[in-house]
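Visitor: Input: one structure, supplied below.
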Amino acid sequence: MIKLQKPEYAYMQGKLIPWDDAVLHVGCEAATRGLNVFEGIKGYWQKDDRFGIVFLERHYRRLLRSAKLLHIPCPWTYGEFENAVFELMGALLTKEKDMWIRTTLYVIEGHWGEGTKADLVMTAYHQEKKEPEPINLGISTWQRSIDSVLPARIKTSTNYQVGRLARIEGRSRGFEDMVLLNTWGRVAEATGACVVMVRDGVICTPPATEGALESITLDFVGALAKSSDIGFVRRPIDRTELLIADEISICGSLAELVPIKSIDNMPIDPDGTVLKQIRDKYFRVVRGDEKDPCFEVTFIPPSRIKNL
Ligand code: PMP
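Each residue of the sequence shown is one higher than the one before, counting from 12 in my numbering.
Shown next as structure tokens:
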């Protein structure tokens, strides 16, 4: 077996540079979409001026599950993870903007799964305090891979290469986001969000076994549907069902609940009553205007927010 040594030089940016200087920024696409597992977590200002992070512990637990499946060690406890989130968000927050944080467990040492070491890197971005506008959704010719190829259940950045291809395809066809079908031609998910549709008043979404991430937002949407007396089923969805759906949204921590105004150029009502009811409740709950027993929020201690 060939062992890699530590050479004196690498070639980078048009010249030889010392090996230790040959580094990429953690935020660049090559690193971001490389070997890692990650979580995208949203936080919202509440009307009582507290800042609430949505389902933080559930995101940590999913990060551990993804890491386990890819044999990436994660020595950070929940307490350390939470503390790091508070530190970065607390340093960057301003009153005018909400925030999305990406917590990424980067593989920084090891080859082919031997001697793997990881570092937990967090980057956070300001977000407008407004609800998503309706978008045009397309159906991609690219497919979500099956569980024995690259499991959708693992939230690893390498899984997003196909989403990148789908978005490039979507832009060339005039769509803001794309649905990936699975190998059986049924709906898997969107490039960075799950798909929900309404048929005959019932919200339907594909189960994770169809090639969707085990979405935390989707569980929450299901719980909100239940407390609103709206049917919610997880079942396989054909492509043609999506084309004749009464309503469609894509949902995720960052996407929230984006209404769809057309699917593959076929118009659809973005203001349908079922998903609008869920969407309105979603925003009331995450902003602390309404309580829901299924919602889990972690508040940053005010003393940790620099610009308060
Ligand atoms: N599918 C994909 C491919 C995603 O990137 C996301 C966003 N994390 C989701 C679904 C939704 O997952 P969640 O609700 O847990 O954010």
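Heads up, the beta-carbon is just placed ideally off N, CA and C, and yes, glycines get one too.
List the DSSP bridge partners of C215.
Guide: In DSSP, C215 forms a bridge with M208, V244.
Visitor: Would DSSP call R155 helix, strand or coil?
Guide: DSSP places R155 in coil when its eight states are reduced to three.
Visitor: In terms of residue numbering, what span does the beta strand (DSSP E) encompassing Y293 cover?
Guide: Counting along the chain, Y293 falls outside any beta strand (DSSP E), though it belongs to the alpha helix (DSSP H) covering 284 to 297.
Visitor: Identify the continuous alpha helix (DSSP H) that holds A95 and give its terminal residues.
Guide: 89 to 103 is the span of the alpha helix (DSSP H), which, as asked, contains A95.
Visitor: Could you give the distance in angstroms between the alpha-carbon of R184 and the alpha-carbon of V198?
Guide: Going by the C-alpha atoms only, they are around 19 Å apart.
Visitor: Count the other CB atoms within 10 Å of the CB of W87; is the residue buried (16 or more) or exposed (fewer)?
Guide: By the neighbour-count rule (16 or more Cβ atoms within 10 Å), W87 is buried.
Visitor: Quick check: is any heavy atom of ligand 1 less than 6 Å from the C-beta of L224?
Guide: L224 Cβ: within cutoff of ligand 1.
Visitor: Output the distance between the C-alpha atoms of L75 and E93, rounded to the nearest integer angstrom.
Guide: Cα to Cα, L75 sits roughly 14 Å from E93.
Visitor: Counting pairs of beta carbons, one from the stretch 130 to 146 and one from the stretch 269 to 281, are three or more of them closer than 8 Å?
Guide: Result yes; three or more Cβ-Cβ pairs closer than 8 Å.
Visitor: Any heavy atom of ligand 1 closer than 6 Å to the beta-carbon of G54?
Guide: Result no, Cβ not under 6 Å from ligand 1.
Visitor: For K287, which option in D303, V308, T309, V232 has the closest C-alpha, if you only look at C-alpha atoms?
Guide: Nearest of D303, V308, T309, V232 to K287, Cα basis: V232.
Visitor: What do you reckon, is the C-beta of E200 under 6 Å from a heavy atom of ligand 1?
Guide: For ligand 1, at least one heavy atom lies less than 6 Å from the Cβ of E200.
Visitor: Is A204 near ligand 1, with its Cβ less than 6 Å from a heavy atom?
Guide: Checking every heavy atom of ligand 1 against the Cβ of A204, one is found closer than 6 Å.
Visitor: Excluding the five sequence neighbours on either side, which residues of its own chain have a C-beta within less than 6 Å of the C-beta of M23, listed in chain order?
Guide: Within the same chain, M23 has close Cβ partners A33.
Visitor: Which whole-angstrom value is the C-beta distance of F62 and I311, which I expect to be below 8 Å?
Guide: Sure, about 5 Å apart at Cβ, within 8 Å.
Visitor: Hey, is T167 close to ligand 1, as in C-beta under 6 Å from one of its heavy atoms?
Guide: Result no, Cβ not under 6 Å from ligand 1.
Visitor: Could you tell me which of P281, G121, D240 sits nearest to G212, measuring between CA atoms?
Guide: Looking at the Cα atoms, D240 is the closest of the given residues.
Visitor: With hydrogens ignored, establish whether the beta-carbon of G149 is closer than 6 Å to any heavy atom of ligand 1.
Guide: No, ligand 1 has no heavy atom inside 6 Å of this Cβ.
Visitor: Go through its chain and collect everything with a Cβ distance to T194's Cβ below 7 Å, but skip five positions before and after it.
Guide: Counting only Cβ-Cβ distances below 7 Å, and skipping sequence neighbours, we find Q154, I157.
Visitor: Cβ of I227 versus every heavy atom of ligand 1: is any distance shorter than 6 Å?
Guide: Yes - ligand 1 has a heavy atom lying nearer than 6 Å to the Cβ of I227.
Visitor: Among L46, R69, K58, which residue has its Cα nearest to the Cα of F306?
Guide: The candidate whose alpha carbon is nearest that of F306 is R69.
Visitor: In the DSSP assignment, the beta strand (DSSP E) including T251 goes from what residue to what residue?
Guide: Run containing T251: none in the beta strand (DSSP E); it sits in the alpha helix (DSSP H), 250 to 254.
Visitor: If we ignore side chains and look at the alpha-carbon of each, how far apart do L327 and P218 end up?
Guide: The structure shown does not extend to residue 327, since the chain spans only 12 to 319, so no value can be given for it.
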